[in-house]
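**Q** Here's a structure for you.
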């Protein structure tokens, strides 16, 4: 059962179910077109944040093994570092974009917090990784 849960977690089923539940919760089908586009934008933003968090959960064990390895070759680890930079830049850009697009209230702050948390996690892992290369 544990292997099934781990495999299910990495396939995107969680994001699909989350999209369906958020669409049902907001009544997306019954909304008029301008409101539907705004609600769809927020729902898709939440899904993309969840995907970025899932990407970080996939990269995290690789980062931990890189920091524990005795190899000092940075070229060997360039792909993982590039993915981390992508996660950092994309999560910060999404936070800036959603703050610029919508008014920040309590609910938007809850949504934005996940993005900020991902960028902080990426920064701390990159800091620990850089400690081993110095």
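Residue numbers (the working numbering): 523 to 656. All C-beta atoms, glycine included, are put in the ideal place defined by N, C-alpha and C.
Out of 564, 587 and 569, point me to the one whose CA is closest to residue 509's CA.
**A** With the chain covering only 523 through 656, there is no way to say anything about residue 509.
**Q** What does the alpha-carbon distance come out to for the pair residue 572 and residue 639?
**A** 12 Å
**Q** In angstroms, rounded to a whole number, what distance separates the CA positions of residue 605 and residue 631?
**A** 26 Å
**Q** Give me the Cα-Cα distance between residue 609 and residue 627, rounded to the nearest whole angstrom.
**A** One C-alpha to the other measures close to 25 Å.
**Q** So what does DSSP say about residue 560, is it helix, strand or coil?
**A** helix
**Q** Short check: CB of residue 550 to CB of residue 562, under 8 Å?
**A** yes
**Q** From the DSSP output, in three-state form, read off residue 622 for me.
**A** helix
**Q** Would you kindly report the start and end of the unbroken alpha helix (DSSP H) that includes residue 538?
**A** 535-548
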